[in-house]
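For reference, the structure is listed below as structure tokens.
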Amino acid sequence: MPLNSSISIAADASLTSALDLTTGTAPLSVRKASAFASGTGAGKADKVFSDRRTLAASGTEDLDLAGVLLDAFGAAVTFARIKGIVISAAASNTNNVVVGAASTNAWATMLNATGTVTLRPGASLGLAAGVADATCYAVTAGTGDLLKIANSAAGTAVTYDIVIIGASA
Numbered sequence: 000m001p002l003n004s005s006i007s008i009a010a011d012a013s014l015t016s017a018l019d020l021t022t023g024t025a026p027l028s029v030r031k032a033s034a035f036a037s038g039t040g041a042g043k044a045d046k047v048f049s050d051r052r053t054l055a056a057s058g059t060e061d062l063d064l065a066g067v068l069l070d071a072f073g074a075a076v077t078f079a080r081i082k083g084i085v086i087s088a089a090a091s092n093t094n095n096v097v098v099g100a101a102s103t104n105a106w107a108t109m110l111n112a113t114g115t116v117t118l119r120p121g122a123s124l125g126l127a128a129g130v131a132d133a134t135c136y137a138v139t140a141g142t143g144d145l146l147k148i149a150n151s152a153a154g155t156a157v158t159y160d161i162v163i164i165g166a167s168a
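Taking numbering that gives the first Met the number 0, the leading residue of the sequence shown gets 0, the next gets one more, and so forth.
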């Protein structure tokens, strides 16, 4: 199945200051986007996984990036390279969603083996590889393919959305 995909990250801000005779403005707009054609080389992707998931209080899960996740049509997804990832914690969460640091076979090319990112309620994490990058974020089946997602505390469940775009080779 052909896949055409893109990941984009944007930031907009406008700083203003009242001056003697006018108001000064410093507008800022930064947009970065990576669009991927269908395939497995540089600037290409052929696999996508997306889901809304819920973790019980104090719960964790290891998402196996090499052969266990299912795409929208129920086919197993085996990533060899991650081209982009977006994870968003639900705004209605009470606890945080913690990403990274699987105890074994950690997918370490994004956060290293023990690094984590804490997503407070309503927060999002986005990462996009450049289209000229053929390596991107490698996945090594059996030894470097688990992305840990954890609920930071007891008491309540957390919900998060995840989208992963990548290539099978």
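Here a beta-carbon is modelled for each residue, glycine too, at the ideal position from N, C-alpha and C. Given the structure is predicted, the values throughout are model-derived calculations rather than measurements.
Simplified DSSP state of residue i, which is helix, strand or coil
{"i": "residue 61", "result": "strand"}
{"i": "residue 35", "result": "strand"}
{"i": "residue 138", "result": "coil"}
{"i": "residue 45", "result": "coil"}
{"i": "residue 110", "result": "coil"}
{"i": "residue 105", "result": "strand"}
{"i": "residue 131", "result": "coil"}
{"i": "residue 20", "result": "coil"}
CB of residue i within 8 Å of CB of residue j, strictly
{"i": "residue 130", "j": "residue 33", "result": "yes"}
{"i": "residue 137", "j": "residue 108", "result": "yes"}
{"i": "residue 155", "j": "residue 94", "result": "yes"}
{"i": "residue 74", "j": "residue 140", "result": "no"}
{"i": "residue 90", "j": "residue 40", "result": "no"}
{"i": "residue 98", "j": "residue 113", "result": "no"}
{"i": "residue 164", "j": "residue 4", "result": "yes"}
{"i": "residue 92", "j": "residue 157", "result": "yes"}
Integer-rounded CB distance, given that residue j should sit under 8 Å from residue i
{"i": "residue 101", "j": "residue 61", "result": "5 Å"}
{"i": "residue 15", "j": "residue 21", "result": "Contact doesn't hold; Cβ gap of about 10 Å is too wide."}
{"i": "residue 55", "j": "residue 168", "result": "Actually they are not in contact, since the Cβ atoms of residue 55 and residue 168 sit about 36 Å apart, beyond 8 Å."}
Distance between residue j and residue i (C-alpha atoms, nearest Å)
{"i": "residue 106", "j": "residue 77", "result": "13 Å"}
{"i": "residue 36", "j": "residue 47", "result": "13 Å"}
{"i": "residue 198", "j": "residue 58", "result": "Within the shown structure, residues of the chain are numbered from 0 to 168, placing residue 198 beyond reach of any answer."}
{"i": "residue 10", "j": "residue 143", "result": "32 Å"}
{"i": "residue 49", "j": "residue 83", "result": "12 Å"}
{"i": "residue 70", "j": "residue 128", "result": "21 Å"}
{"i": "residue 146", "j": "residue 87", "result": "15 Å"}
{"i": "residue 68", "j": "residue 8", "result": "25 Å"}
{"i": "residue 52", "j": "residue 85", "result": "13 Å"}
{"i": "residue 43", "j": "residue 103", "result": "29 Å"}
{"i": "residue 45", "j": "residue 81", "result": "10 Å"}
{"i": "residue 63", "j": "residue 18", "result": "56 Å"}
{"i": "residue 111", "j": "residue 30", "result": "26 Å"}
Bounding residues of the beta strand (DSSP E) (the contiguous stretch that carries residue i)
{"i": "residue 150", "result": "145–150"}
{"i": "residue 9", "result": "4–17"}
{"i": "residue 77", "result": "75–77"}
{"i": "residue 119", "result": "First-last for residue 119: undefined, no H or E at that position."}
{"i": "residue 173", "result": "What the structure shows of the chain is the stretch from 0 to 168, and residue 173 is not part of that stretch, so it cannot be assessed."}
{"i": "residue 91", "result": "Segment: none, residue 91 is in no beta strand (DSSP E) and carries neither H nor E."}
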